[in-house]
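J.:
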Amino acid sequence: MLPRCAFSVCHVLVLVLCLSSAEDFDWTKNDHGSFYYGTFPAGFSWGAGSSAYQTEGAWDKDGKGLSIWDVFSHKKGKIQQNDTGDSSCEGYHKFKDDVSLMKELKLNHYRFSISWPRIIPTGIKSDHINEKGIQYYDELINHLLESKITPIVTLYHWDLPQVLQEKYGGWQNITMVNHFNEFANLCFERFGNRVKNWITFNNPWSVAVEGYETGEHAPGLRLRGTGAYRAAHHIIKAHAKVWHSYDTQWRAKQKGLVGISLSGDWGEPVDISNQKDIEAAERYVQFYLGWFATPIFHGDYPQVMKDFIGRKSVQQGLGTSRLPTFSPQEKSYIKGTCDFLGIGHFTTRYITQKSNPSGRSSGSYFTDRDLAELVDPRWPDPGSEWLYSVPWGFRRLLNFVKTQYGNPMVYVTENGVSEKMLCTELCDDWRIQYYKDYINEMLKAIKDGANVKGYTAWSLLDKFEWDEGYSERFGLYYVDFRNKNKPRYPKASVQFYKRIISSNGFPNQREVENWRRKAVETCSSSNQLLAAEEQRSTAANILRLIHDPLTSHMEMVTEIVVPTVCTLSILLSAIFLMFLLRRRN
Ligand code: NOJ
3 MLPRCAFSVC HVLVLVLCLS SAEDFDWTKN DHGSFYYGTF PAGFSWGAGS SAYQTEGAWD
63 KDGKGLSIWD VFSHKKGKIQ QNDTGDSSCE GYHKFKDDVS LMKELKLNHY RFSISWPRII
123 PTGIKSDHIN EKGIQYYDEL INHLLESKIT PIVTLYHWDL PQVLQEKYGG WQNITMVNHF
183 NEFANLCFER FGNRVKNWIT FNNPWSVAVE GYETGEHAPG LRLRGTGAYR AAHHIIKAHA
243 KVWHSYDTQW RAKQKGLVGI SLSGDWGEPV DISNQKDIEA AERYVQFYLG WFATPIFHGD
303 YPQVMKDFIG RKSVQQGLGT SRLPTFSPQE KSYIKGTCDF LGIGHFTTRY ITQKSNPSGR
363 SSGSYFTDRD LAELVDPRWP DPGSEWLYSV PWGFRRLLNF VKTQYGNPMV YVTENGVSEK
423 MLCTELCDDW RIQYYKDYIN EMLKAIKDGA NVKGYTAWSL LDKFEWDEGY SERFGLYYVD
483 FRNKNKPRYP KASVQFYKRI ISSNGFPNQR EVENWRRKAV ETCSSSNQLL AAEEQRSTAA
543 NILRLIHDPL TSHMEMVTEI VVPTVCTLSI LLSAIFLMFL LRRRN
């Protein structure tokens, strides 16, 4: 993700001045301050999400092949603390427990992804199909359906088979289109009788920019100025091919939908009376969401991308634009390949015009846009560096989607907030606030006419957060990663989200305040239990060090089931044992 922008005093001043004028701006009839009490349309779908590499663990179990993330995370210095997804939440082994958590929340849907190398170890279907991997997803899907939870399945959440990277250069190579199509067809064949909602790609922006331009993500390539555009070009073609495959071969029988999940921050002009800032903010969104959405809905890249990248390429002395082009046939093949649009949204930026010097060596995705990103220092940022809570940006983004792409059916496929690892805090009041305000802005967008059919809280569990390792926790459930059983504990936001779901929105102020109070009340006792549990596991670790098998019988807990008395007695016996052992030595 993007680094936090440096903030000068001058920017703060500009921003404060502009904020006051922004109040008059009526683009979305938005009223930043007010809360809207009301409910969502009947049948609105509430869910939570995860992805394979971030939660499954079992990286080398039961015949799974390597993915680019297995290899990347095993290289020293790529991930915070050199964390890996090797075991992560052990979701591969604990999926039944996790479905119980979803039942507890009364979720309507669960969004997860299929690990391509788990079911096709080399990525090439004709090489080998791993039936054990298929069996895992079969069981997960069946279990969800038995629990009346609709699976929404992502085919590509970043874990490309390593063989495809080594052999062909991954998404730099057009051959990925056919390999991905074969993988997708295998999924339709094996799971499509039960799965009716398919997402081809998750957040291709990250795959392209962070995987092939900045190299912060796997496969870690830094092909500045060309790598991201080329990867995106192939991903868009792969998406379209899979949509057509479904349309011609499976839709009549399976009657499902195929969409794509795009991520997009909202970009708000710093100075709304300055045309240059307005254009820069529009450019920010077009280079982000529009890069993928415009070809899929309108058949070609946004005009502004073609203009800017084209001009800069000429200034660099290149004969052709660094942005690849689609042939007329490709344009009509790609246009309209979306039954629903998935939106992943977390934050907003203020944007101002900033021309970047052009020269022979310059040219990157970031400099091509000619803009600067700013944040308001008053925006809350409880977790990830890049994630500021700006709820009103969500309504604007959803309205943008409505007007730009012909009001498509939208599922919010990711929205949520993290906290830093250091705060092992189950009383996540700030997350309650974030969900409350963002979900409310989504409700306002629906009242504005946006066709939003479902919402997915990101994420069900704390999990591996890519290059940040386990240092950023997005979960509704806390996961104790230090314990090999990876127990899950509900944060206060679980209670709050559950109430939103059961009321299908926000009935009235008194009730919503009540939910919040109750959620925070219950979590303080859970917090104490977690603290005691952590002390217990520290004591258990000490015991393990002095080779005592005493702890081997300890049970894994999915929820907080260990009563205080029990926790305390384990702790006391551990201390007593240590005392005895010391005396013997
Ligand atoms: C988007 C990615 O799709 C997801 O995997 C990640 O956890 C969130 N961003 C938060 O960074």
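Residue numbers for the sequence shown, in the working numbering: 3 to 587. By construction, the Cβ of each residue, glycine as well, lies at the ideal position given by its N, Cα and C atoms. These figures come from a predicted structure and were not determined experimentally.
(1) Going along the chain, which unbroken runs of the alpha helix (DSSP H) with 4 or more residues stay wholly within the region 248-280?
(2) Go through the region 390-472 residue by residue and report every complete run of the beta strand (DSSP E) that reaches 3 residues or more, in order.
(3) Quick check on F193: does DSSP put it in helix, strand or coil?
(4) Buried or exposed for V211, going by 16 or more other Cβ atoms inside 10 Å?
(5) Check the DSSP bridge columns for S52 and list the partner residues they point to.
(6) According to DSSP, simplified to helix, strand and coil, what is T339?
(7) Would you please state the rounded distance, in angstroms, between the beta carbons of V155 and I121? I believe it to be under 8 Å.
(8) Below 8 Å CB to CB, which residues in the same chain sit around Y231 once its five sequence neighbours on both sides are set aside?
(9) Hey, is H219 close to the ligand NAP, as in C-beta under 7 Å from one of its heavy atoms?
(10) Hey, is the region 454-461 in contact with the region 37-47, meaning 3+ C-beta pairs nearer than 8 Å?
(11) Would you please verify whether the beta carbon of M411 is less than 8 Å from any beta carbon of chain C?
(12) What whole-angstrom Cβ distance do W61 and D88 have, given they're in contact under 8 Å?
(13) Going by DSSP, what residue range makes up the alpha helix (DSSP H) through V316?
(14) Can you tell me which of the three DSSP states L157 falls into?
(15) So is the beta-carbon of E218 under 7 Å away from any non-hydrogen atom of the ligand NOJ?
(16) I'd like the list of long-range same chain contacts for S360, defined as Cβ closer than 6 Å, with 5 residues on each side in sequence excluded.
(17) To the nearest whole angstrom, what separates the beta carbons of I353 and E270, a pair I think is in contact under 8 Å?
(18) Indicate, with yes or no, if the ligand NOJ has a heavy atom lying under 7 Å from the CB of Q56.
(19) Checking the sheet assignment: what are the DSSP bridge partners for N199?
(20) Beta-carbon within less than 6 Å of N187's beta-carbon, same chain only, minus the 5 sequence neighbours each way: which residues are those?
(21) Can you tell me where the alpha helix (DSSP H) with E215 in it begins and where it stops?
(22) Return helix, strand or coil for Y39, following the three-state DSSP convention.
(23) What would DSSP say about R6, mapped onto helix, strand or coil?
(24) Using the C-alpha atoms, what's the distance from S505 back to N516?
(25) By a C-beta neighbour count over all protein chains shown, 10 Å radius and 16 as the cutoff for buried, is D85 buried or exposed?
(26) To the nearest angstrom, how far is it from the Cα of Q288 to the Cα of W388?
(27) Spatial neighbours of K333 within its chain, please: C-beta separation below 7 Å, excluding the five flanking residues on both sides.
(28) What did DSSP end up calling V481 once you bin it into helix, strand or coil?
(29) Less than 7 Å separating the Cβ of E666 from some heavy atom of the ligand NOJ?
(30) Would the beta-carbon of S265 be found less than 7 Å away from any heavy atom of the ligand NOJ?
(31) Ends of the alpha helix (DSSP H) at Q355?
(32) Within this structure, are the beta carbons of I237 and F190 separated by less than 8 Å?
(33) Would you list the one or two residues that DSSP bridges to Y112?
(34) Would you call the CB atoms of L103 and L462 closer than 8 Å?
(35) Find the nearest neighbour of F299 within the set A282, L320, Y112 and W245, judged by alpha-carbon distance.
(36) I'd like the span of the alpha helix (DSSP H) that includes P119, first residue to last.
T.: A quick look at the data gives this:
(1) Complete alpha helix (DSSP H) runs here, min 4: 253-256.
(2) The DSSP assignment places 412-417 and 454-459 as complete runs of the beta strand (DSSP E) inside the region 390-472, in order along the chain (cut-off: 3 residues).
(3) The residue labelled residue 193 in the question sits at position 191 within the sequence shown. In the structure shown, F193 sits in a helix (DSSP, three-state: H, G or I).
(4) Working through the sequence shown from its first residue, we reach residue 211 at position 209. When all chains shown are included, V211 counts as buried.
(5) Against the sequence shown, residue 52 aligns to sequence position 50. Paired residue(s): none; S52 is not in a bridge.
(6) Reading the sequence shown from its first residue, position 337 is the one you call residue 339. It is coil, neither helix nor strand.
(7) Locating residue 155 in the sequence shown gives position 153, where the first residue counts as 1. Locating residue 121 in the sequence shown gives position 119, where the first residue counts as 1. The C-beta distance from V155 to I121 rounds to 12 Å, too long to meet the 8 Å contact threshold.
(8) Looking up residue 231 in the sequence shown gives position 229. A210, I311, R324, L325, P326 and Y367.
(9) The ligand NAP is not part of this structure, which contains only the ligand NOJ.
(10) The region 454-461 and the region 37-47 touch, with no fewer than 3 CB-CB distances between them shorter than 8 Å.
(11) The structure shown contains no chain C; it holds only a single protein chain.
(12) In the sequence shown, residue 61 corresponds to position 59, counting from 1. In the sequence shown, residue 88 corresponds to position 86, counting from 1. Between D88 and W61 the Cβ distance is about 5 Å, and since that is below 8 Å, they are a contact.
(13) Walking along the sequence shown from the start, residue 316 turns up at place 314. V316: member of the alpha helix (DSSP H) spanning Q305 to Q317, first to last residue.
(14) By one-based count along the sequence shown, residue 157 stands at place 155. Three-state DSSP puts L157 in a strand.
(15) As a working note, residue 218 is residue 216 in the sequence shown. Not under cutoff, so the answer is no.
(16) Within the sequence shown, the letter at position 358 stands for residue 360. So the list reads K314 and Q317, once near-sequence residues are dropped.
(17) Translated into the one-based positions of the sequence shown, residue 353 becomes position 351. Translated into the one-based positions of the sequence shown, residue 270 becomes position 268. Going by Cβ atoms, the distance from I353 to E270 rounds to 7 Å, so yes, they are a contact pair.
(18) The residue labelled residue 56 in the question sits at position 54 within the sequence shown. For the ligand NOJ, at least one heavy atom lies less than 7 Å from the Cβ of Q56.
(19) Position 197 of the sequence shown, counting from 1, holds the residue named residue 199. Listed as beta-bridge partners of N199 by DSSP are I154 and L259.
(20) Start at 1 with the first residue of the sequence shown, and residue 187 comes out as number 185. These residues qualify, in order along the chain: S247.
(21) Taking the sequence shown and counting its residues from 1, the one referred to as residue 215 is at position 213. Counting along the chain, E215 sits inside no alpha helix (DSSP H), nor does DSSP assign it H or E at all.
(22) Taking the first residue of the sequence shown as position 1, residue 39 is located at position 37. Note: Y39 maps to coil in three-state DSSP.
(23) As a first step, residue 6 must be located in the sequence shown, where it is residue number 4. Unreliable positioning characterises R6 in this predicted model, as indicated by a pLDDT of 31, which lies under 50. The coordinate reading is nonetheless provided below. R6: coil per DSSP, three-state reduction.
(24) Residue numbering aside, residue 516 sits at position 514 when the sequence shown is read from its first letter. Residue numbering aside, residue 505 sits at position 503 when the sequence shown is read from its first letter. Between the alpha carbons of N516 and S505 lies a distance of about 13 Å.
(25) Here residue 85 is taken as the residue at index 83 of the sequence shown, counted from 1. Buried, because 16 or more other Cβ atoms sit within 10 Å of the Cβ of D85.
(26) On the sequence shown, position 286 is the one that residue 288 refers to. On the sequence shown, position 386 is the one that residue 388 refers to. When rounded, the separation of the alpha-carbon atoms in Q288 and W388 is 19 Å.
(27) Position 331 of the sequence shown, counting from 1, holds the residue named residue 333. Excluding sequence neighbours, K333 sits near G301 and D302.
(28) Translated into the one-based positions of the sequence shown, residue 481 becomes position 479. Correct three-state label for V481: strand.
(29) Nothing can be reported for residue 666: it is not among the residues displayed for the chain, which extend from 3 to 587.
(30) Residue 265 sits at position 263 when you count from the first residue of the sequence shown. Under cutoff, so the answer is yes.
(31) Counting from 1 along the sequence shown, the entry for residue 355 is found at position 353. No alpha helix (DSSP H) holds Q355; the beta strand (DSSP E) holding it covers T350 to Q355.
(32) One-based indexing of the sequence shown puts residue 237 at position 235. One-based indexing of the sequence shown puts residue 190 at position 188. In this structure, F190 does not lie closer than 8 Å to I237 by Cβ.
(33) For the purposes of this step, residue 112 is taken as residue 110 along the sequence shown, with counting starting at 1. For Y112, which the question treats as bridged, DSSP gives the partners A50 and P153.
(34) In the sequence shown, counting from the first residue as 1, residue 103 sits at position 101. In the sequence shown, counting from the first residue as 1, residue 462 sits at position 460. It is a contact, given that the beta carbons lie within the stated cut-off.
(35) In the sequence shown, counting from the first residue as 1, residue 299 sits at position 297. Considering only A282, L320, Y112 and W245, the residue with the shortest C-alpha distance to F299 is W245.
(36) Taking the sequence shown and counting its residues from 1, the one referred to as residue 119 is at position 117. Element bounds for P119: W118 to I121.
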